[in-house]
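Enquirer: Those protein sequence lines, which keep their order, are chains H and G. Residues in the first sequence are numbered consecutively from 208, following our numbering. Residues in the second sequence are numbered consecutively from 10, following our numbering. Virtual Cβ for every residue (Gly too), placed ideally from N, Cα, C. Remember, predicted model here, so these are calculated numbers, not experimental data.
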Amino acid sequence: MHEFSISDEIVRNVLVAVKENNGKKVLSIQLEIGELALLNVEQVIFWIHELFKGSVAEGAKVKVRTIKARIKCESCGYKGGIGLDRQDPFQHVIPYSCPKCHSFQINVEKGRECTLRKIQAVR
Amino acid sequence: MKIIRPKGPEIFDIELEKDLLAKNRGLAKENRRRFDRSNILAVDMMGSIGSGKTSLIKAILKRLGMGKKAAVIAGDLTTTIDAERIEAEGARVIQVNTGKECHLDAHLIRRAIERMKLDGVKVLFIENVGNLICPGEFPLGAHKRVVVTSVTEGPYTVIKHPYIFREADVIVLNKMDMAKPMKVNISELERDARQINPQASIIKTNALTGKGIPKIIEALGLKA
Chain H
208 MHEFSISDEI
218 VRNVLVAVKE
228 NNGKKVLSIQ
238 LEIGELALLN
248 VEQVIFWIHE
258 LFKGSVAEGA
268 KVKVRTIKAR
278 IKCESCGYKG
288 GIGLDRQDPF
298 QHVIPYSCPK
308 CHSFQINVEK
318 GRECTLRKIQ
328 AVR
Chain G
10 MKIIRPKGPE
20 IFDIELEKDL
30 LAKNRGLAKE
40 NRRRFDRSNI
50 LAVDMMGSIG
60 SGKTSLIKAI
70 LKRLGMGKKA
80 AVIAGDLTTT
90 IDAERIEAEG
100 ARVIQVNTGK
110 ECHLDAHLIR
120 RAIERMKLDG
130 VKVLFIENVG
140 NLICPGEFPL
150 GAHKRVVVTS
160 VTEGPYTVIK
170 HPYIFREADV
180 IVLNKMDMAK
190 PMKVNISELE
200 RDARQINPQA
210 SIIKTNALTG
220 KGIPKIIEAL
230 GLKA
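#1: Taking a Cβ distance cut-off of 7 Å, strictly less, list which residues of the region 304-329 of chain H are near chain G, in chain order.
#2: With which residues is glutamate 24 of chain G paired in a DSSP beta bridge?
#3: Take threonine 273 of chain H as the anchor and find which of H:Leu222, H:Val223, H:Lys325, H:Cys321 has the nearest alpha-carbon.
#4: Are alanine 100 of chain G and valine 179 of chain G close, meaning C-beta to C-beta below 9 Å?
#5: Counting only beta-carbon atoms, is asparagine 220 of chain H nearer than 9 Å to chain G?
#6: With a threshold of 9 Å between beta carbons, is phenylalanine 253 of chain H in contact with chain G?
#7: Would you mind sorting glutamine 104 of chain G into buried or exposed? The rule is 16 or more other CB atoms within 10 Å of its CB.
#8: Can you check whether the C-beta of glycine 284 of chain H is within less than 9 Å of a C-beta belonging to chain B?
#9: Determine the direct distance from the alpha carbon of leucine 50 of chain G to that of arginine 41 of chain G, and round the result to whole angstroms.
#10: Please classify asparagine 48 of chain G as buried or exposed, where buried requires at least 16 neighbouring CB atoms within 10 angstroms.
#11: Would a C-beta distance cut-off of 9 Å place asparagine 215 of chain G and arginine 175 of chain G closer than the cut-off?
#12: Listing by chain order, which chain H residues have their CB less than 8 Å from the CB of leucine 86 of chain G?
#13: In the DSSP assignment, find the unbroken alpha helix (DSSP H) run with asparagine 228 of chain H in it and report its ends.
#14: According to DSSP, is phenylalanine 253 of chain H helix, strand or coil?
#15: List the residues of chain H whose Cβ lies closer than 8 Å to the Cβ of leucine 29 of chain G, in chain order.
#16: From the DSSP secondary-structure annotation, give me the bridge partner or partners of methionine 55 of chain G.
#17: Would you please verify whether the beta carbon of lysine 232 of chain H is less than 9 Å from any beta carbon of chain G?
#18: Residues of chain G with CB closer than 8 Å to the CB of alanine 224 of chain H, please, in chain order.
#19: Of the choices G:Thr87, G:Ile226, G:Leu217, G:Leu30, whose alpha-carbon is the least far from that of alanine 115 of chain G?
#20: Find the residues of chain G that neighbour asparagine 247 of chain H, judging by a C-beta separation of less than 9 Å, and give them in chain order.
#21: Strictly under 9 Å for the Cβ-Cβ distance: is arginine 46 of chain G near chain H by that measure?
#22: Just to confirm the assignment, what range does the beta strand (DSSP E) spanning alanine 80 of chain G have?
#23: Across which residues does DSSP place lysine 317 of chain H in a beta bridge pair?
#24: Under a CB-based cut-off of 9 Å, is histidine 256 of chain H close to chain G?
#25: If you follow the beta strand (DSSP E) that valine 167 of chain G is in, where does it begin and where does it stop?
#26: Counting only Cβ pairs nearer than 7 Å, list the residues of chain H close to tyrosine 165 of chain G.
#27: Bridge partners of leucine 182 of chain G, per DSSP?
#28: Looking at the secondary structure, which residues open and close the beta strand (DSSP E) in which glutamate 136 of chain G lies?
#29: Check asparagine 140 of chain G in the structure and name its three-state DSSP category.
#30: Grab me the residues of isoleucine 252 of chain H's own chain with a C-beta within less than 7 Å of its C-beta, minus the 5 sequence neighbours each way, in chain order.
#31: Could you round the C-beta distance between leucine 3 of chain G and histidine 170 of chain G to whole angstroms and report it? I think they count as a contact, below 8 Å.
#32: Can you give me, in chain order, the residues of the region 129-162 of chain G that have a beta carbon less than 9 Å from any beta carbon in chain H?
#33: Can you tell me which of the three DSSP states serine 196 of chain G falls into?
#34: Looking at C-alpha atoms only, which residue of H:Ala328, H:Glu227, H:Lys279, H:Leu243 is the closest neighbour of proline 306 of chain H?
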């Protein structure tokens, strides 16, 4: 639901960085989005393309790398990724409990990012 | 022979490390420090549209009877209806209109507290925009996060929005008097909430009669 505002902020950051570096045209941008971030990647890409229109970044490629989640379980001490278990109604909605002991008492160490990592531009 | 070649465009990379969500989390930490310095307990009230967030804040304020020692930031898209309703309880109120935004963020809260006189304030309620999705992703720096849902939204609100309920310290199930006419099984709602968030306090309320309000006050560590 907040894809528009996040995309807007990404676009603003891209245009500022390109201007600061005297870029004339943006070829591509690289994003990293955590699989637990509440963002629909397809919508983010759509909005960025839309918001790029009419700027030096119009037509730039938007590459997105998904960052796998990493959790630490406070109940059993498990550290690592989370498997998607479609049998579990909660994991189906959002994969968010310990895959080992199914506890919800977990800390997310990775997987909630939305990072603007790289811009490729022409001077 | 002299060959004149066109000057090729120079392609270059700009490497960045800009986590846009982390930026909000950083600002939220700053807000928290600001609250701590002034000894203010900040409470983020999240919940669906029409679940009773404003009515609950009004009922809590009435019960607390703290007057201007209580403050409220009322978040909404455009109107000042909620701010006016809360003002009637004697608290300091500031309205934050997000315009098009579906949630409050830490930056908006920072701007609100800069404009508010917070001297002498002991408790600050931040009423988020009615929404069970986005606010969960945007911590504001509050000490406690309350998520409100009411039985008139049907029996599946909790299980359909596990993310925001996971974030809650207190889960409020409001409009208990409507459970029967709505044919909502409260114990199932409670069970869903308990499974998603074993640590949260789950409190059943009726904001209009004041039922359950003392329990919220207790769960927030406040005294009436």
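Expert: So, to answer that:
#1: Phe311, Gln312, Arg319, Glu320, Cys321, Thr322, Leu323, Arg324, Lys325, Ile326, Gln327, Ala328, Val329
#2: H:Lys325
#3: H:Cys321
#4: no
#5: yes
#6: no
#7: buried
#8: This model lacks chain B altogether; the protein chains it does include are H and G.
#9: 9 Å
#10: exposed
#11: no
#12: Here the premise fails: no neighbours, minimum Cβ distance about 13 Å.
#13: Careful: asparagine 228 of chain H lies outside any alpha helix (DSSP H) and carries neither H nor E.
#14: helix
#15: Ile213, Glu216, Ile217, Asn220, Cys321, Thr322, Leu323
#16: G:Val156
#17: yes
#18: Ile23, Leu25
#19: G:Leu30
#20: By Cβ distance, chain G contributes nothing, its closest Cβ being about 11 Å from asparagine 247 of chain H, past 9 Å.
#21: no
#22: 79-85
#23: H:Arg277
#24: no
#25: Segment 166-169 is the alpha helix (DSSP H) holding valine 167 of chain G; no beta strand (DSSP E) there.
#26: Simply none; closest approach about 11 Å.
#27: G:Thr158, G:Lys213
#28: 132-136
#29: strand
#30: Val269, Val271
#31: This structure does not reach residue 3 of chain G, given that chain G is present from 10 up to 233, and the question cannot be answered.
#32: Asn140, Ile142, Cys143, Gly145, Glu146, Phe147
#33: helix
#34: H:Lys279
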